[in-house]
Amino acid sequence: GQWTSGGVGNTLNSSEPTPDQVVSGSELVYPDGTPVINPNTGLPYPKPEGLDIPANIDFAKEYMRVNNSPLARVLIMINLFRAGGSYDYQRLEGLIPTMMNRDAFKDDYVDVTNYNYGVVSAAFGYSKEDTLFAAGAYNRTVGNTSYENITKYGIVQESVNNISQGHDDYQKRYGK
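Last residue of the sequence shown? That's 1096 in our numbering, and every number before it is there in order.
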C-alpha cells in the first residue's frame, strides 16, 4: 500500500488516528501554522518524524532544475516512495512488512504518506490524474489490489482523497 490506504494484509480502518493520538505539535501543519486536516477522518494528519513538506518540495524543484528528464523524474519518484524509501513514512526505514516483521508497518502514517506523495508529485510537475494513475500502477506492480472499494485508478477512495488533497494543497497552500 505504498500510495494507497494500506499495506500488506492491512485495512483502512484498522488504525485511524483518534483525537488523543494526535497531540499538539505532532500534527502536520501548513506554512501558516494551521493543521492539515485529513479528509478521511476530519482530524489533523499525524506528523511522522522526518516529514518536512517544504524541504520535500524544495528537493523536487531542485532536482527538476538540475535534471528534468522525464525518465529521471519517474525513477526518483519511485526511489523516494517505494516500500522502505526515504519518503515512505508508513514503514520503518528500510523495512518492508512481512509476516515476520509486521510491526515495521505504521498504520497511522498511511494517509500522510499519500498526502506527501500528492504534494511531491505536484512539485515534480505531474498532473493529478497522472499522479493517481501512477499510484495505482505501483499498487498493481506490488500486488496490492485486493481492496473492495478500488477506484478506476487502482487505489482505494481514501487514498485518492489524500493524494488529491496533497496535489491540490501544493497548488493552493505551498505555492509553485
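Each residue gets a CB set at the ideal place from its N, CA and C atoms; glycine is no exception.
Count the other C-beta atoms from every protein chain shown that fall within 10 angstroms of the C-beta of residue i, then say buried if there are 16 or more, exposed otherwise.
i: residue 988; result: exposed
i: residue 1090; result: buried
i: residue 1151; result: Residue 1151 is absent from the model: the chain starts at 921 and stops at 1096.
i: residue 1050; result: exposed
i: residue 986; result: exposed
Can you tell me the Cα-Cα spacing of residue i and residue j, whole angstroms?
i: residue 1056; j: residue 1033; result: 15 Å
i: residue 1052; j: residue 1083; result: 7 Å
i: residue 1042; j: residue 997; result: 11 Å
i: residue 917; j: residue 947; result: Residue 917 cannot be examined here, being either before or after the span of the chain that is shown, 921 to 1096.
i: residue 1079; j: residue 1093; result: 20 Å
i: residue 1044; j: residue 956; result: 21 Å
i: residue 962; j: residue 1069; result: 20 Å
i: residue 960; j: residue 1026; result: 17 Å
i: residue 978; j: residue 953; result: 19 Å
i: residue 990; j: residue 1002; result: 18 Å
i: residue 1046; j: residue 1058; result: 15 Å
What do you reckon, are the CB atoms on residue i and residue j nearer than 8 Å?
i: residue 1101; j: residue 958; result: Residue 1101 lies beyond the stretch modelled for the chain, which goes from 921 to 1096, so this question has no answer here.
i: residue 1060; j: residue 1038; result: no
i: residue 1036; j: residue 1086; result: yes
i: residue 1040; j: residue 1081; result: no
i: residue 1011; j: residue 1004; result: yes
i: residue 1029; j: residue 974; result: no
Mind checking which residues open and close the alpha helix (DSSP H) that includes residue i?
i: residue 1033; result: 1030-1043
i: residue 986; result: 973-986
i: residue 992; result: 990-1001
i: residue 1079; result: 1077-1089
So residue i packs on residue j, CB below 8 Å; how close in whole Å?
i: residue 1009; j: residue 1000; result: In fact, because the Cβ distance is near 11 Å, the residues do not count as touching under 8 Å.
Is the shortest distance between the beta-carbon of residue i and the beta-carbons of chain C less than 8 Å?
i: residue 972; result: No chain C is part of this structure, which consists of one protein chain only.
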